[in-house]
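In my numbering, the protein residues as written are 1 to 323.
Here a beta-carbon is modelled for each residue, glycine too, at the ideal position from N, C-alpha and C.
Everything below concerns the one structure shown next.
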């Protein structure tokens, strides 16, 4: 790497101290959970830094593939953010995210889209990418990433005060955007709560009931993808989620699909889907593909939301998850 590449990384990459639980003021369940969450943060920032520093997709892939399986998806998520930031700069290329997605990033599409949402949280609106550049079914994951970032870094406003943007404006006039953002906030709650199931339920219940379904979906995704809770804790989470347990299951199935698609299935994901979905991860992931919409047309109820509802209904119909 050139001196300029290394300097670019130094200037644009936040310190790993930004992921420390003490720095963020997040709940500390125990030493193991603290280490897990901080390692995830370090992997994300590592992938971000690699994307900022490297000059080719091949060089970036070589670095990202060195991350351990458990944390590699987070590195790709960080890379999605780093490339989106570079694409927004007024000089140089503006197709780095697209190139990664067309190549080695394809199996990590979900995480890369989420990473783009992180970038949008840091960029001025005029520098946001064009919505048409992203898959109309999956681009709601960009909102998910934005919501996670805001709850993670602006916890008082987005979690303690339960702020929700009334008009996000990307895509223009999208009434569904706040709901997709809430799904990202739900994922962040798993981190804010330090993977403590009882604590995360307390946080969800501070929000209006009309937001619980989306928040629990994000919680289920994070509990399955990131891990950090025992089977007993996950069962407590299911019990306390009540009628929203099906949304925990839906998020869990999404996480299983993301890990399996990327070839990153790890034991904690298996343990989580068996509790949250009542199924092994391969079966839960297959449901997400069996009911995936053929025509991702957005409207009052976008295809992405119809997809989520179908997954939740299918999981409930199997008897392991209450409707």
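Opening and closing residue of the alpha helix (DSSP H) in which residue i lies
{"i": "residue 87", "result": "69 to 88"}
{"i": "residue 180", "result": "177 to 192"}
{"i": "residue 35", "result": "31 to 53"}
{"i": "residue 160", "result": "Element bounds for residue 160: n/a, residue is neither H nor E."}
{"i": "residue 219", "result": "212 to 225"}
{"i": "residue 254", "result": "245 to 261"}
{"i": "residue 148", "result": "140 to 153"}
{"i": "residue 108", "result": "Careful: residue 108 lies outside any alpha helix (DSSP H) and carries neither H nor E."}
{"i": "residue 101", "result": "96 to 102"}
{"i": "residue 200", "result": "197 to 204"}
C-alpha gap between residue i and residue j, whole angstroms
{"i": "residue 201", "j": "residue 254", "result": "20 Å"}
{"i": "residue 182", "j": "residue 62", "result": "34 Å"}
{"i": "residue 286", "j": "residue 316", "result": "15 Å"}
{"i": "residue 19", "j": "residue 148", "result": "13 Å"}
{"i": "residue 188", "j": "residue 146", "result": "11 Å"}
{"i": "residue 166", "j": "residue 23", "result": "29 Å"}
{"i": "residue 290", "j": "residue 217", "result": "19 Å"}
{"i": "residue 127", "j": "residue 175", "result": "22 Å"}
{"i": "residue 66", "j": "residue 77", "result": "15 Å"}
{"i": "residue 342", "j": "residue 110", "result": "Absent from the structure is residue 342, since the part of the chain shown begins at 1 and ends at 323."}
{"i": "residue 151", "j": "residue 139", "result": "19 Å"}
{"i": "residue 278", "j": "residue 34", "result": "28 Å"}
{"i": "residue 300", "j": "residue 32", "result": "43 Å"}
{"i": "residue 314", "j": "residue 274", "result": "15 Å"}
{"i": "residue 53", "j": "residue 238", "result": "42 Å"}
{"i": "residue 49", "j": "residue 318", "result": "43 Å"}
{"i": "residue 265", "j": "residue 257", "result": "9 Å"}
C-beta atoms of residue i and residue j nearer than 9 Å
{"i": "residue 112", "j": "residue 97", "result": "yes"}
{"i": "residue 224", "j": "residue 272", "result": "yes"}
{"i": "residue 84", "j": "residue 103", "result": "no"}
{"i": "residue 143", "j": "residue 88", "result": "no"}
{"i": "residue 197", "j": "residue 234", "result": "yes"}
Local conformation of residue i per DSSP, three classes
{"i": "residue 23", "result": "helix"}
{"i": "residue 115", "result": "helix"}
{"i": "residue 128", "result": "coil"}
{"i": "residue 304", "result": "helix"}
{"i": "residue 65", "result": "coil"}
{"i": "residue 277", "result": "coil"}
{"i": "residue 311", "result": "helix"}
{"i": "residue 242", "result": "helix"}
{"i": "residue 237", "result": "helix"}
{"i": "residue 267", "result": "helix"}
{"i": "residue 316", "result": "helix"}
Any non-hydrogen atom of the ligand FAD closer than 8 Å to residue i Cβ
{"i": "residue 247", "result": "Looking for the ligand FAD in the displayed structure turns up nothing, as the structure carries no ligands at all."}
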